[in-house]
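Take a look at the structure below.
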Amino acid sequence: MAVDIEKVRLLAAARRDQPGGLLPALHDIQDRLGHVPPEGVPAIAEVFNLSRAEVHGVVSYYHHFRSAPGGRRTVRICRAEACQAMGADALVEHAQRHLGCKLHETSADGAVTLEAAYCLGLCASSPALMIDETPHARVTPQRFDALVAAAAGETR
Amino acid sequence: MSAAVTVYVPRDAAALAVGADAVAEAVAAEAAARGLAVRLVRNGSRGMFWLEPLVEVATPQGRLAYGPVAPEDVPGLFEAGFQSGGAHPLALGPTEEIAYLKRQERLTFARVGVTDPVSLEDYEAHEGYAGLRRALEMTPEAIVQAVLDSGLRGRGGAAFPAGIKWKTVAAAPGRQKYVVCNADEGDSGTFSDRMTMEGDPFMLIEGMTIAGLATGATQGYVYVRSEYPHAIAALRQAIRVAEAAGRLGDDVLGSGRAFSLEVRKAAGSYVCGEETALLESLEGRRGVVRAKPPLPAIAGLFGCPTVINNVITLAAVPLILARGAAFYRDYGVGRSRGTLPVQLAGNIRHGGLVEKAFGVTLRELMFDFGGGSASGRPIKAVQVGGPLGAYVPESQWDLPLDYEAYAAVGAVLGHGGIVVHDDRADLSKLARYAMEFCALESCGKCTPCRIGSTRGVEVIDRMAEGRNRPQQVQLLRDLCDTMLHGSLCAMGGMTPYPVLSALNHWPEDFGLAAPDRAAA
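Chains as they are written, first to last, in the working numbering: chain A, 317 to 472; chain B, 963 to 1482.
Right, here's the structure in full:
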């Protein structure tokens, strides 16, 4: 699918006059397009009067930004210590088996991208995960399957 | 029709994560079906997460609690007449009488879970904006002095006296100054910033406004992690309300003083919780740590004098101004004054938020409040202060929570997170994870952190394989020494804390001889 460079440019331009506007611009772009397309980086660089390398550096530095499209939903499983203490490692193993993909990958049907999170602030209700922006706590493997099935919706 | 009954169903993310929205919907639907008038308030959480979703109802005898409530429990609650305090198996009695809450000293968290977080009226009816009103009658110097006198130290982890930062910024020359709130709460086992932003956002707004008055800053930023969408939404909503009501803007409370506030969403970099990396990120760059000096107080955001404090530090300020420095200082021990909102997390039966004066012990927190491990197994190790904090063995569980007492045993209080592990924990695995996390999150600027963390993982792997263990132990200790003393910031500089504490207190997990615990 062709990347709409003009849309990227417009979204970036809307943040140009904001001090330190590059991160807000990248958030806007990813929120609208699902990722920050590499083809759009030159336009962003031009808007902010930066080099392409600088913009690429920022996009690739932050775990939140992705340069390639993900699945329709993103599942982020917390892997930090509090969740480890309540079985997060086993949950990650289960998730990878269930979805047939590894962390940072997308299931073959394109429904779900599996990501790791390092703390969701739900540490007294571990293990925790987020599906897009919806938090879920005390997630068992059975509950994981049900949540993913509900989130994937029409594909299952 | 009789007056509406007020029912509280929390909107805190940890309540939402166990189905609070569905419970709120069920309450509204059931009330409608029964023709009962119910006023539904989406409050913050009381911080007793094993009881979430915790539903409260306002009665003439005070607020009564029911929990944990599932949507299918709701018709039964109405059937039992819970709206007037009817008996039910989920009934917990008056909320304030629940031992977990009753035994706390809630200063910063006094309103969290009590009020409607985005209602300015509710906030002001519960002592809100009393601190700012008081501050507007004071000189900037007097505000700074009050913060100094309160003994308030940074709650983000470094425990630097807040008043000294403020004083430096106030004295620094500069036409533009900033107040930055570090809400990049990345430590595992911590959620007090999140609860504050979701449960009492006006308190943070008020604290930042006071910091602006004290230092001459007119613009504030709250840098919130992207993992906290609900906190971001609540803060933004509260800021709009405060602006519309003249509590923010060009003429704060009719004083002629200006202060504006903007929320900035982070992008998933742990090291951006380090103050200089955070400033870089706010400026739109990679979150790479800056060398100090210059201090942010002299040359911070966009090169201007900048107060940068953690959420809980800034949130403590309104009460200090409203009640006076002495009121706050009278809590605590030694040089650790006031209260610490402790977060009980991990393998713990009653996890949640416990705000206590400094001086409480880990044992009291884990057993008297926490009720022991969630698994029912013996507790083996406790990590205090986040992923850069030491694993604390049982021999140290009776130390008072106090910055200096912890420093004396090579541990830290950090942001007050307590992560409990039961006897199934493998401390060599946790030590390896600490190094792995450092490698993942290092900003890459300094070598000890960037390279040392990767070498650390390799050394611990060789220990696990049993390859020349004594030599690997020496290597690991040397490596930790280099990271401790040679790193630019706490990321590399403190990763050795969990690693060395694991190695020193649980050598048997690394395939070494077990220590004589009786002699310790």
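Ideal Cβ placement from N, Cα and C applies to all residues, glycine included.
> Rounded to the nearest angstrom, how far is the Cβ of B:Leu1002 from that of B:Ala990, given a contact under 8 Å?
Replying inline: 6 Å
> Looking at the C-beta of A:Glu449, does it have a partner C-beta in chain B at a distance below 7 Å?
Replying inline: yes
> To the nearest whole angstrom, what separates the beta carbons of B:Gly1047 and B:Leu1026, a pair I think is in contact under 8 Å?
Replying inline: 5 Å
> Which of helix, strand or coil does DSSP assign to B:His1383?
Replying inline: strand
>> Considering just the uninterrupted stretch of the alpha helix (DSSP H) at B:Gly1125, what are its terminal residues?
In response: 1124-1133
> Cα separation between B:Val980 and B:Arg1065?
Replying inline: 26 Å
>> Which complete alpha helix (DSSP H) runs does the stretch 1057-1083 of chain B hold, if anything under 4 residues is left out?
In response: 1061-1064
>> Once DSSP output is grouped into helix, strand and coil, what is the label at A:Thr456?
In response: coil
> For B:Val1421, which of helix, strand or coil comes out of DSSP?
Replying inline: helix
> So what does DSSP say about B:Gln1181, is it helix, strand or coil?
Replying inline: strand
> So which residues on chain D does B:His1383 lean against when the C-beta distance must stay under 9 Å?
Replying inline: Absence of chain D from the displayed structure is noted, the protein chains being A and B.
> What is the DSSP secondary structure of B:Ile1201, reduced to helix, strand or coil?
Replying inline: helix
> So what's A:Cys417 in DSSP terms, helix, strand or just coil?
Replying inline: coil
> Mapping DSSP to helix, strand and coil, what is A:Glu449?
Replying inline: coil
> CB B:Ala1343 to CB B:Ala1307, shorter than 7 Å?
Replying inline: no
> For B:Lys1127, which option in B:Ala1352, B:Tyr1290, B:His1383, B:Ile1270 has the closest C-alpha, if you only look at C-alpha atoms?
Replying inline: B:Ile1270
>> Applying the 10 Å Cβ sphere with the 16-neighbour rule, what's the burial state of A:Arg472?
In response: Because A:Arg472 carries a pLDDT of 40, less than 50, the predicted location of this residue cannot be relied on, and the following value inherits that uncertainty. A:Arg472 is exposed by the Cβ-count criterion.
>> Quick check on B:Pro1191 - is its C-beta less than 7 Å from some C-beta in chain A?
In response: yes
> Name the chain B residues that come within less than 7 Å of A:Arg454, Cβ to Cβ?
Replying inline: Val980
>> Here's a check: name, in chain order, each residue in its chain whose Cβ is nearer than 6 Å to the Cβ of B:Trp1359, leaving out the five neighbours to either side.
In response: Leu1324, Arg1325
>> In the DSSP output, which residue or residues are listed as bridge partners for B:Glu1018?
In response: B:Tyr970, B:Ala1027
>> Just to confirm before moving on: does the CB-CB distance between B:Glu1086 and B:Thr1057 stay below 7 Å?
In response: no
>> Using a Cβ-Cβ cutoff of less than 8 Å, which residues in the same chain neighbour B:Val1109 once the five nearest sequence positions on both sides are dropped?
In response: Ala1124, Gly1125, Trp1128, Ala1176, Val1279, Ile1282, Ala1287
>> By the DSSP assignment, the beta strand (DSSP E) with A:Gln334 in it spans what residues?
In response: Note, A:Gln334: premise wrong, no beta strand (DSSP E); not H, not E.
> Of all the options B:Ala1393, B:Val1000, B:Pro1469, B:Asn1005, which has the alpha carbon lying nearest to the alpha carbon of B:Gly1161?
Replying inline: B:Asn1005
> Of the residues B:Ala1120, B:Thr1070, B:Gln1023, B:Glu1067, which one's Cα is nearest the Cα of B:Gly1348?
Replying inline: B:Ala1120
> Does any residue of chain A bring its CB to less than 7 Å from the CB of B:Ala1229?
Replying inline: yes
>> Can you find the residues in the same chain that come closer than 6 Å, C-beta to C-beta, to B:Ser1231, ignoring five residues on each side of it along the sequence?
In response: Gly1249
>> Would B:Gly1047 pass as an interface residue toward chain A - the criterion being a Cβ-Cβ separation below 7 Å?
In response: no
>> For A:Cys417, would you say it is in contact with chain B, using Cβ-to-Cβ distances shorter than 7 Å as the test?
In response: no
> If you draw a straight line from the C-alpha of A:Val455 to the C-alpha of A:Ala398, how long is it?
Replying inline: 13 Å
>> Against chain B, with Cβ distances strictly below 7 Å, would A:Gly386 count as a contact?
In response: no
>> Quick check on DSSP: helix, strand or coil for B:Asn1466?
In response: helix
>> Can you tell me whether B:Val1374 is helix, strand or coil according to DSSP?
In response: coil
>> For B:Gly1333, which residues in the same chain have their Cβ closer than 8 Å to its Cβ, ignoring the five residues on either side in sequence?
In response: Ile1310, Arg1311, His1312
> Excluding five sequence neighbours on each side, which residues of the same chain lie with their C-beta closer than 6 Å to the C-beta of A:Leu419?
Replying inline: Leu430, Ala432
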